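Participant: The sequence shown begins at 232 in our numbering and counts up one residue at a time.
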Amino acid sequence: MNFSRFISRVSAARKESPIRETTQIKLQNPEVISLAGGYPNPAMFPFQSAEIKTRDGLKVQFNEQDMKTALQYSASQGTPDLLKWVKKLHVKYHNPPIMKMEEKEGFTACVSCGSQDGLIKVFEMLINPGDNVLLDDPCYAGTLAMVKPMDCNLIPVSTDHHGLQPNSLLSVLENWKPENSHDPKSDIPRVLYTIPNCGNPTGATQTLERKKEIYAIAQKYDLVIVEDDPYYFLQFNTPSLSYQALDVDGRVIRCDSMSKVMSSGLRIGWISGAYPFIQRLILHQQASILHTSTFVQMMISRLLDQWGLEGFENHTKNVQKFYKERRDAMIKYTTKWLTGLAEWTEPEGGMFLWIKLVGVDDTTLLIKKKALEKKVLLLPGSAFSVVEGTSSSFCRVSYSFATDEEMDDSVCD
Ligand code: PMP
232 MNFSRFISRV
242 SAARKESPIR
252 ETTQIKLQNP
262 EVISLAGGYP
272 NPAMFPFQSA
282 EIKTRDGLKV
292 QFNEQDMKTA
302 LQYSASQGTP
312 DLLKWVKKLH
322 VKYHNPPIMK
332 MEEKEGFTAC
342 VSCGSQDGLI
352 KVFEMLINPG
362 DNVLLDDPCY
372 AGTLAMVKPM
382 DCNLIPVSTD
392 HHGLQPNSLL
402 SVLENWKPEN
412 SHDPKSDIPR
422 VLYTIPNCGN
432 PTGATQTLER
442 KKEIYAIAQK
452 YDLVIVEDDP
462 YYFLQFNTPS
472 LSYQALDVDG
482 RVIRCDSMSK
492 VMSSGLRIGW
502 ISGAYPFIQR
512 LILHQQASIL
522 HTSTFVQMMI
532 SRLLDQWGLE
542 GFENHTKNVQ
552 KFYKERRDAM
562 IKYTTKWLTG
572 LAEWTEPEGG
582 MFLWIKLVGV
592 DDTTLLIKKK
602 ALEKKVLLLP
612 GSAFSVVEGT
622 SSSFCRVSYS
632 FATDEEMDDS
642 VCD
């Protein structure tokens, strides 16, 4: 694959930081006496040790020596122990074909501050002003907030209860005319962003057949697929193969997150894919946050060390059970109060129910005024429209937090 064709001008201009390079040498060779880096002396840090208890009775412990490492600068790509775990998880759940490729083109990953931080770096790496970018419509509002200011042309691709529709994608590409874009000199799109599982806002999960069709289209038109999959571990049924699992070329950049299964506040996610892409992200990381918190990365990898793959899987099963019960409750109260007034498809995972209000052209006012008067907060479908100002008959309902009583009261209102 010609990776350089996808790299934006800003990303292509990024260079290795000389300071970070010396940090890497010191990390790999602790015997080296470094007078190069601006490492603060940990003897001056106030924290000495830590012990974090888990709900299942384990303890993640940091003695004085561990604490010195945990509070110090570390590699921009991520701590070696967490990166080892990332690789282990990808071998187990995705077995990426690109792992068999040579190191220079093969699989690698970079730890980020949640997948949001990773995603914005991915877009900066792929998009030049004036570019045309394909996205699920409706689309995760957090993604719209990233790409809208990038002066690119956002091209909506229709979705249904199984997410992105291959026919809609094909039709955009087959009928591509430069004059359709806001910059007539710009090329056919090179980037497709999609949420394959338990979509935000629609809750939709793509079938394997769809993913295969979409991947084949990406190969035909030489697209990069940005696979944003933070709800992967919140699927109630056996997950189908991911885009990364189908990716024989290196054209899939996958975004993962620990937010929904470990903690959203610890801010841990990672981006994985072919080295030529991930290496650009590492350079961005060197120039921006330097790295994700060393302490938090160690906290997570140490818990994973104690759990092992089996313990992690048991934990994710528990998480799925919890959200499945919440989903069932939400469906129960929605059916009780909204039958005949609204339409919905039962989500196969995640946290969101996408409800269409029958006979309502746009839910925005209804939600912003009437629902709020009844002390209920919801999001109108229009907040997720790729084309700003498009009205929507839908609203997004989150069932992750509310109790049965709150669900019953809010849907009844
Ligand atoms: N992508 C999607 C589709 C999301 O729903 C979210 C969280 N709302 C994110 C990315 C960002 O998640 P985080 O940064 O917490 O990993």
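Even glycine gets a Cβ: it sits at the ideal position worked out from N, Cα and C.
As the structure is a prediction and not an experimental result, all values here were calculated from the model.
1) Could you tell me which whole beta strand (DSSP E) segments of length 3 or greater appear in the stretch 341-383?
2) Should residue 335 be labelled buried (16 or more other beta-carbon atoms within 10 Å of its own) or exposed?
3) For the putative contact between residue 489 and residue 531, defined by C-beta atoms under 8 angstroms, what is the C-beta separation to the nearest angstrom?
4) In chain order, what residues of the same chain have a beta carbon less than 7 angstroms from the beta carbon of residue 625, not counting five sequence neighbours either side?
5) What span of residues does the alpha helix (DSSP H) with residue 643 cover, start to end?
6) Who pairs with residue 501 in a beta bridge, going by DSSP?
7) Is there at least one non-hydrogen atom of the ligand PMP closer than 7 angstroms to the beta-carbon of residue 448?
8) DSSP state of residue 291, grouped into three classes?
9) Would the beta-carbon of residue 442 fall within 8 angstroms of that of residue 427?
10) What are the partner residues of residue 573, as DSSP defines its beta bridges?
11) Out of 511, 642 and 637, point me to the one whose CA is closest to residue 357's CA.
12) Give me the Cβ distance between residue 528 and residue 313, rounded to the nearest whole Å; I'm assuming they're in contact under 8 angstroms.
13) Can you tell me whether residue 619 is helix, strand or coil according to DSSP?
14) Quick check: the Cα distance between residue 478 and residue 639, rounded to an integer number of angstroms?
15) Please classify residue 542: does DSSP put it in a helix, a strand, or coil?
16) Along the chain, where does the alpha helix (DSSP H) that runs through residue 317 open and close?
17) Since residue 281 is in the beta strand (DSSP E), which residue starts that stretch and which ends it?
18) In the DSSP assignment, what residue or residues form a beta bridge with residue 536?
19) How long is the line joining the alpha carbons of residue 270 and residue 614, rounded to whole angstroms?
20) Is it right to say residue 308 is buried, meaning 16 or more other beta carbons lie within 10 angstroms of its own, or is it exposed?
Facilitator: If we stick to the structure as given:
1) Taking 3 residues as the minimum length, the beta strand (DSSP E) runs contained wholly in the stretch 341-383 are 363-368, in order along the chain.
2) As a position in the sequence shown, residue 335 is number 104, starting the count at 1. In the assembly as shown, residue 335 is an exposed residue. Its beta-carbon has fewer than 16 other beta-carbons within 10 Å.
3) Residue numbering aside, residue 489 sits at position 258 when the sequence shown is read from its first letter. Residue numbering aside, residue 531 sits at position 300 when the sequence shown is read from its first letter. Right, their Cβ atoms sit about 7 angstroms apart.
4) Here residue 625 refers to the residue found at position 394 of the sequence shown. Setting aside the 5 residues that flank it on each side, residue 625 is surrounded in the same chain by 585, 586, 587, 594 and 612, each with a C-beta closer than 7 angstroms to its C-beta; the list follows chain order.
5) Taking the first residue of the sequence shown as 1, we reach residue 643 at position 412. Judged by DSSP secondary structure, residue 643 falls within the alpha helix (DSSP H) whose first and last residues are 635-643.
6) By 1-based counting over the sequence shown, the position of residue 501 is 270. Residue 501 is bridged to 342 and 487.
7) To locate residue 448, count along the sequence shown from 1; it is residue 217. Outside the cutoff, so no.
8) Here residue 291 corresponds to residue number 60 of the sequence shown, with the count starting at 1. It is a strand residue.
9) The residue given as residue 442 occupies position 211 in the sequence shown. The residue given as residue 427 occupies position 196 in the sequence shown. Taking 8 angstroms as the Cβ cut-off, residue 442 and residue 427 qualify as a contacting pair.
10) For the purposes of this step, residue 573 is taken as the residue at position 342 of the sequence shown. According to DSSP, residue 573 shares a beta bridge with 570 and 588.
11) Here residue 357 refers to the residue found at position 126 when the sequence shown is read from its first residue. 511 is the residue among 511, 642 and 637 whose C-alpha sits nearest the C-alpha of residue 357.
12) Position 297 of the sequence shown holds residue 528. Position 82 of the sequence shown holds residue 313. That belief holds up - the Cβ atoms of residue 528 and residue 313 are roughly 4 angstroms apart, short of 8 angstroms.
13) Position 388 of the sequence shown, counted from the start, is the residue given in the question as residue 619. DSSP places residue 619 in coil when its eight states are reduced to three.
14) Taking the first residue of the sequence shown as 1, we reach residue 478 at position 247. Taking the first residue of the sequence shown as 1, we reach residue 639 at position 408. Straight-line Cα distance between these residues: approximately 44 angstroms.
15) Numbered from 1 along the sequence shown, position 311 holds the residue referred to as residue 542. Note: residue 542 maps to helix in three-state DSSP.
16) The residue labelled residue 317 in the question sits at position 86 within the sequence shown. Under the DSSP assignment, residue 317 falls in the alpha helix (DSSP H) whose first and last residues are 311-324.
17) In the sequence shown, residue 281 corresponds to position 50, counting from 1. For residue 281, the enclosing beta strand (DSSP E) starts and ends at 281-284.
18) Translated into the one-based positions of the sequence shown, residue 536 becomes position 305. None; residue 536 has no bridge partner.
19) Against the sequence shown, residue 270 aligns to sequence position 39. Against the sequence shown, residue 614 aligns to sequence position 383. Between residue 270 and residue 614, the C-alpha separation is close to 45 angstroms.
20) On the sequence shown, position 77 is the one that residue 308 refers to. Buried, because 16 or more other Cβ atoms sit within 10 Å of the Cβ of residue 308.
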